[in-house]
Amino acid sequence: MDFRKPAMFTLTVDRKAFSSPLDAFTQITKEGYIRRLMRLLGVELWAWTLEFQMQTGEGWPHWHMVIDLPIGKLDLERAWRLWRDKWKLGGLDLQRKSSKSARHALMYVTKYLTKYPEEGFPTWVLNLDRRIRWVGASRLVGPLVSDREMTTKDAGDDEEAKKSLPRVHRPLAVRMADCGQIINFFAETEYDGEVYQSFYGRLPREQLEAAIAGESKMDIFHDEEGYPFLQGNWADFEELADQVMEAANMYPNKCKHEWFTHGRLRKYKQVARNEHIQREEG
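Structure follows, in structure tokens:
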């Protein structure tokens, strides 16, 4: 569905109404206030992206929106009454921005998805122990994730493997610290002239380097952008994982990740094997 009468908005919160930026973000997102506001205003087609105000370094949230105007005029007075009086959010600065076309409006919103803040992200965002939605939209907009995005099969019904899965979302700060410290393993299978990749699992880099020191089965290459990657002809991923686990036990002071267990490694291997068999049978 197209935006026939696009309009752009920037939704900002009243800082005096919340104890912190995290408090404002939590209340507005948990209660679904943006979706409720759009529904009560009769707006069926809308999308938003999240950004943080970093002038003071605190990172107060605000949402850049594009909507398809309903028939007639948008009732801005009602929007104020909903935010300030009925929901008692302490007020909302709602400023309408004109748009000459749907393309212009969508570009206005989506540019914030690729705009990295010069001051970086606020500390509370980096340390948040749950996922943050950076973009949202009404159902009429359709899926915001490409159908080409890779999906990964995980532990499934394997009880032993399930126990090794992390139960707490890793904050962005932790994931950033792990960047370069974790190596993902894929198996390449050629079928009918095409090369397929199956995800096997992850191993910690330091223990892996200790485990394969002096081995001739793996070589280090660099991709077109200069990033290093390992390539080898290991036939048994679990055998390699056993060596890494042994290396981890030899170096107890080095990091150990909660998902790094034999049960989960075996499950990854079984998933990859099943995918390979299905391709051969197909």
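Just so we're aligned, residue 1 is where the sequence shown starts under the working numbering, counting upward by one.
Even for Gly, the Cβ is constructed at its ideal location relative to N, Cα and C.
Task: Closest by C-alpha distance to A133, when choosing among K30, M8, E209 and E246 - done: Correcting the residue type first, residue 133 is Arg in the shown sequence and not Ala. For the residues K30, M8, E209 and E246, the minimum Cα distance to R133 belongs to K30.
TODO: Please determine, among S198, G42 and T12, the residue with the shortest C-alpha to C-alpha distance to S138.
DONE: G42
Open item on the list: According to DSSP, is A283 part of a helix, a strand, or is it coil?
Closed with: Absent from the model: residue 283. The displayed extent of the chain is 1 to 282, so no value can be given.
TODO: Let me know if R4 comes out buried or exposed under the rule of 16 or more other beta-carbons within 10 Å of its beta-carbon.
DONE: exposed
TODO: Give the range of the beta strand (DSSP E) segment to which P61 is assigned.
DONE: W60 to D68
- [ ] Identify, in the order they occur along the chain, each residue of the same chain with its Cβ nearer than 7 Å to the Cβ of F186, setting aside the five sequence neighbours on each side.
- [x] Q197, S198, F199 and Y200
Task: Range of the contiguous alpha helix (DSSP H) that encloses E188 - done: Where E188 is concerned, there is no enclosing alpha helix (DSSP H), although the beta strand (DSSP E) it sits in stretches over I182 to Y191.
Task: Burial state of E246, where buried means 16 or more other Cβ atoms lie within 10 Å - done: exposed
Open item on the list: Taking DSSP's pairing of strands, which residues face A7 in a bridge?
Closed with: I67
- [ ] Please classify G59: is it buried, with 16 or more other beta-carbons within 10 angstroms of its beta-carbon, or exposed?
- [x] buried
TODO: Mind checking who F25 pairs with in its DSSP beta bridge?
DONE: F25 pairs with nothing; no bridge assigned.
TODO: Mark P204 as exposed unless 16 or more other C-beta atoms lie within 10 angstroms of its C-beta, in which case mark it buried.
DONE: buried
Open item on the list: Which residue wins for smallest C-alpha separation from D68, given the options P61, A79 and L140?
Closed with: L140
TODO: Output the boundary residues of the alpha helix (DSSP H) element that contains L76.
DONE: L76 to W80
TODO: Determine, using beta-carbon pairs with one atom in the region 17 to 33 and one in the region 51 to 66, whether at least three such pairs fall under 8 Å.
DONE: yes
Open item on the list: Are the CB atoms of V66 and A47 within a distance shorter than 8 Å?
Closed with: yes
TODO: Have a look at L128 and R175 and give me their C-alpha separation to the nearest angstrom.
DONE: 11 Å
Task: In DSSP terms, what S198 is bridged to - done: A187
Task: As assigned by DSSP and simplified to three states, the class of F237 - done: helix
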